[in-house]
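Written out below as structure tokens is the structure these notes cover.
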Amino acid sequence: MAYINSTCPHDCPSTCALEVEILSPGEIGKVRGAKENSYTAGVICSKVARYAERIHHPDRLLKPLRRTGPKGSGQFEEISWSVALDEVAEAFQKAESEHGSESIWPYYYAGTMGLLMRDGINRLRHAKRYSGYHSTICVSLAWSGYLAGAGKMGGVDPREMSESDVIVIWGTNAAVTQVNVMHHALKARRNRGAKIVVIDTYKNATAKQADLFIQVKPGTDGALACAVMHLLFKNNHADKDYLSKYTKDAEHLEDHLRKRDPDWASAITGVPAETIDHFAMLIGTTPKTYLRLGYGFTRQRNGATNMHAVASISAVAGHWQHLGGGALLSNSGIYHWDKTLIEGLDDVDPTIRLLDQSRIGEILMGDKNALGNGPPVKALLIQNTNPMSVAPNLNLVKRGFEREDLFVCVHEQFMTETAKMADVILPATMFLEHDDIYQAGGHQHIQFGPKAINPPGECRSNHEVISELAARLNANHRGFLLTAKEVIDETLINSGWKNLEALENEKWFDVQPNFKESHFISGFGHPDKRWHFSADWSAQQSKWGLGSNQIVDASLVDSMPALPDHWDVLEASTLDFPFRLITAPARHFLNSTFSEVPTSLRREKQPSVLINPSDALSLRVTDGDFVRVTNERGELEITIEVFSGVSTGVLIVESIWPNHAFKGGLGVNVLTGSDPAGPVGGAAFHDNRVQLTPLENKI
Ligand SMILES: Nc1nc2c(c(=O)[nH]1)N[C@H]1C(S)=C(S)[C@@H](COP(=O)(O)OP(=O)(O)OC[C@H]3O[C@@H](n4cnc5c(=O)[nH]c(N)nc54)[C@H](O)[C@@H]3O)O[C@H]1N2
Ligand SMILES: Nc1nc2c(c(=O)[nH]1)N[C@H]1C(S)=C(S)[C@@H](COP(=O)(O)OP(=O)(O)OC[C@H]3O[C@@H](n4cnc5c(=O)[nH]c(N)nc54)[C@H](O)[C@@H]3O)O[C@H]1N2
Ligand code: SF4
Ligand SMILES: [Mo]
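Per this note's numbering, the sequence shown starts with residue 1, numbered consecutively.
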């Protein structure tokens with residue numbers, strides 16, 4: 001059978017190079033990882049290996065639908081594409097004429113990471129002066145912290161792990177969320193005896209494979225990093241030559257860290273001082289230490305400062321200079337894209353307001369501050385995201401979506417929780433049914449994903465929908481008139497890459513910058529080319545295009561410590577809410593995607609909360625018991641799973657299960673908060689205080 005080359009479109013740093021078996025013009029068979037791709041190396045996750053189950057799922061949306069019952073009732077009737085698009089355009093024109101163009105909010109995220117299908121919605125937004133979208137649900141805490149130090153989003157080639165002697169997997173459950181990291185790390189252990197260190201809040205699937213597992217209390221990585229750097233200085237493992245040549249404020253840092261010793265950090269992190277000593281000695285004596293930095297540890301209210309502190313370790317030790325040494329959070333800054341055609345960047349009006357993605361609840365509920373004191377949001381166009389499940393403060397989000405005066409159009413592959421709240425639903429293609437181009441966050445390839453089969457029913461791609469809406473809304477831009485392939489080809493050329501034909505022939509472009517650049521030997525990204533130990537947090541605000549005080553309170557940003565530290569702004573436990581809850585990902589779901597796939601559902605079994613045995617004992621609960629988890633924002637009924645790999649006082653819920661899996665009709669995000677964290681906003685999904693009470697009826 002014929003295999004075609006493609007790319008996994010999902011929101012995962014691995015962006016795997018795929019080979020997909022095509023059985024007929026409308027059917028796929030097996031999906032496997034491309035062996036020849038040096039990062040994918042033939043390894044993909046099990047969810048995508050059985051993609052046939054998702055793409056040929058009997059519940060795919062196949063026709064446009066119009067709501068007939070009350071909002072959220074799930075009552076819809078089929079309509080034609082032209083009627084559906086007319087109705088959407090009419091609703092947008094009405095909102096615009098009554099409340100101004102900013103009352104329409106295109107809302108999207110990374111359900112597909114294809115540059116055209118994901119970001120093309122911005123072309124419509126710019127052409128029509130619709131409200132802008134400040135993206136904070138995933139990377140803003142991590143990136144702002146890293147950028148404050150490095151000045152550029154890039155780092156050491158992940159394939160260089162094969163040269164590393166110590167690999168530190170910091171705050172990412174890589175075995176679950178980006179399996180290829182584990183593949184490369186385990187290979188280094190096999191081939192050269194590299195040690196794998198995992199730093200996490202519980203003994204997750206990644207920690208189980210570690211040589212050294214350091215279990216921290218949630219939100220305390222900044223303290224751990226400070227003590228490690230304290231010891232590097234004290235043990236003469238700080239590289240003084242490197243510090244003077246490549247960094248700024250090293251003396252201040254050394255001075256500032258004098259009091260931040262292992263005992264100080266131990267009290268904050270819960271990690272024994274001897275373990276901190278051992279870890280600092282290990283990396284202090286191992287030049288080839290590779291920090292693979294994750295997103296998980298930054299989903300805390302102090303996440304940006306923690307990222308900056310942790311990433312500073314590589315600079316203090318001078319690890320960056322060595323093959324196999326240094327750090328990687330994301331490579332997204334290495335691609336010099338010119339996205340003018342995709343996003344309509346030649347038509348930007350900087351006076352148009354930005355709205356915070358994570359505060360969709362407040363925004364829909366008319367919170368003046370969240371609306372930037374502008375007009376209410378009267379219409380939403382939603383692509384590639386499922387906020388009625390994944391957004392924080394979900395009770396508020398639901399109330400917002402229930403507003404009778406809000407018009408909602410959702411372009412989707414399935415009848416998601418968000419689609420159920422829509423007035424008009426449009427059926428969307430999947431990645432093998434449209435052309436798109438991809439860049440990787442966790443490696444360095446540019447890849448193409450061609451249209452390989454015909455879409456089922458009447459599904460249309462995001463690019464088609466945006467272009468057809470543009471025609472009805474009199475939005476003008478060349479990008480609306482081109483085919484997907486034409487936009488991709490021109491974008492490649494305008495960005496200085498070879499064209500699409502070359503990409504198809506070569507399968508992928510490996511665009512890893514050379515050693516000197518990846519290791520910042522030719523300088524970091526700041527104008528002075530140095531690593532900054534003293535973070536300029538308000539500069540991050542302007543870098544992210546935020547006007548003063550618009551998204552994050554200026555006083556919060558002013559209170560951020562410049563030098564690495566433990567910033568004490570966590571949602572600390574109280575007598576009423578004695579537990580700290582982390583809402584981590586599950587292996588067989590990807591955010592809310594795949595929760596419609598039977599095998600994924602079967603393997604995840606049921607939503608459950610992991611609890612330490614001694615906490616279970618004192619609450620008199622045991623495996624399989626039903627409990628209620630509550631906090632100031634909401635409550636959830638869920639099953640108990642006793643697990644000694646969780647610390648006392650900490651609870652873990654793995655996954656974003658669908659809302660309907662819970663008795664109250666809403667999922668885990670009823671417990672998470674949407675208050676914007678510094679410096680640029682961001683949801684602290686793993687920073688929640690909660691109470692847990694046993695329920696009478698066991699299941
Ligand atoms: N199977 C699967 N894969 C996925 C996803 C999924 O949902 N499922 N999601 C995708 C997406 S959108 C993203 S952004 C990436 C995210 O992938 P990751 O970078 O792995 O981020 P998270 O999944 O949020 O990280 C969860 C881990 O962070 C730990 N953690 C939480 N708080 C702290 C802390 O304060 N300190 C430390 N050291 N650890 C902490 C949790 O215990 C948990 O093990 O994964 C992608 N891949
Ligand atoms: N409690 C908790 N909540 C979290 C997190 C957490 O760790 N804990 N993680 C957060 C993170 S990191 C992220 S990134 C967000 C992610 O949240 P989302 O971006 O909402 O991701 P998904 O839930 O996977 O939803 C993506 C949707 O896009 C649709 N889709 C896919 N491809 C296409 C396409 O080509 N066209 C159209 N029109 N639709 C498409 C899919 O069918 C799916 O319903 O969730 C966040 N929410
Ligand atoms: S590991 Fe990530 S990129 Fe690779 S196939 Fe799975 S979801 Fe896609
Ligand atoms: Mo994410």
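Ideal Cβ positions, reconstructed from N, Cα and C, are used throughout, including at glycine.
{"Item": "Beta-bridge pairing of P427 - partner residues as DSSP gives them", "Value": "E412"}
{"Item": "Alpha helix (DSSP H) segments (min. 4 residues) lying fully within the stretch 219–298", "Value": "221–234, 240–246, 250–257, 262–269 and 273–284"}
{"Item": "Every unbroken alpha helix (DSSP H) inside the stretch 347–381 [4 residues or more]", "Value": "360–364"}
{"Item": "At least three beta-carbon pairs within less than 8 Å, the stretch 113–123 to the stretch 89–99", "Value": "no"}
{"Item": "Sub-8 Å separation of G479 and L671 beta-carbons", "Value": "no"}
{"Item": "Local Cβ density within 10 Å of G171, reported as buried at 16 or more and exposed below that", "Value": "buried"}
{"Item": "Nearest candidate by alpha-carbon position, reference S14, set L141, V176 and T416", "Value": "V176"}
{"Item": "Straight-line Cα distance separating A174 from V316", "Value": "25 Å"}
{"Item": "Inter-residue CB distance, K128 and A475 (contact presumed, cutoff 8 Å)", "Value": "5 Å"}
{"Item": "Every unbroken beta strand (DSSP E) within the stretch 166–199, with a cutoff of 3 residues, ordered by chain", "Value": "166–170"}
{"Item": "Three-state secondary structure assigned by DSSP to K203", "Value": "coil"}
{"Item": "Residue from N505, K529 and E254 whose Cα sits closest to the Cα of K516", "Value": "K529"}
{"Item": "Cβ neighbours of P9 in the same chain (closer than 6 Å, five flanking residues each side left out)", "Value": "T112, M113, G114 and F431"}
{"Item": "Chain D within 8 Å of L394, Cβ atoms only", "Value": "Here there is only one protein chain, and chain D is not present."}
{"Item": "beta-carbon L328 near ligand 1 non-hydrogen atom, thresh 7 Å", "Value": "no"}
{"Item": "Separation of E27 from A484, as counted between CA atoms", "Value": "22 Å"}
{"Item": "One or two residues paired with H445 in a DSSP bridge", "Value": "D510"}
{"Item": "Status (buried if at least 16 other CB within 10 Å, exposed otherwise) for I425", "Value": "buried"}
{"Item": "Cβ-heavy atom distance, L61 to ligand 2, below 7 Å", "Value": "no"}
{"Item": "Proximity winner among S555, L503 and S644, relative to T7 (alpha-carbon distances)", "Value": "L503"}
{"Item": "Buried versus exposed, by CB contacts within 10 Å (16 or more), R620", "Value": "exposed"}
{"Item": "Beta strand (DSSP E) runs wholly inside the stretch 467–503, at least 3 long, in chain order", "Value": "none"}
{"Item": "Contacts around S573, its chain only, beta-carbon distance under 6 Å, and the 5 residues preceding and following it disregarded", "Value": "R580 and R689"}
{"Item": "Own chain partners of S555 with C-beta closer than 7 Å, once the 5 adjacent residues on each side are dropped", "Value": "none"}
{"Item": "Heavy atom of ligand 3 within 7 Å of K30 beta-carbon", "Value": "no"}
{"Item": "Outcome for E433 when other beta-carbon atoms lying within 10 angstroms are tallied against a minimum of 16", "Value": "buried"}
{"Item": "Distance between A309 and D221 (C-alpha atoms, nearest Å)", "Value": "8 Å"}
{"Item": "Member of I611, L406, V569 and R460 whose CA lies at the smallest distance from the CA of G72", "Value": "L406"}
{"Item": "First through last residue of the beta strand (DSSP E) which encompasses L105", "Value": "For clarity, residue 105 is Trp in the given sequence; the question names Leu instead. Segment I104 to Y108, the beta strand (DSSP E) holding W105."}
{"Item": "Buried or exposed by the 16-neighbour rule on C-beta atoms within 10 Å, applied to I137", "Value": "buried"}
{"Item": "Rounded separation between E254 and D277 - CA only", "Value": "17 Å"}
{"Item": "Cβ-based burial, E412 [other Cβ within 10 Å; buried from 16]", "Value": "buried"}
{"Item": "Beta-carbon separation (whole angstroms), G398 vs M388, contact threshold 8 Å", "Value": "It is Lys, not Gly, that sits at residue 398 in the sequence shown. The Cβ separation is near 7 Å, so the contact holds."}
{"Item": "Cβ-heavy atom distance, T136 to ligand 2, below 7 Å", "Value": "no"}
{"Item": "Helix, strand or coil at I699 according to DSSP, with G and I counted as helix", "Value": "Interpretation of I699 is limited by its pLDDT of 45, a score under 50 that renders its predicted location unreliable; the figure taken from the coordinates is listed afterwards. Three-state result, I699: coil."}
{"Item": "K420 burial status per 10 Å Cβ neighbour count (16 or more: buried)", "Value": "buried"}
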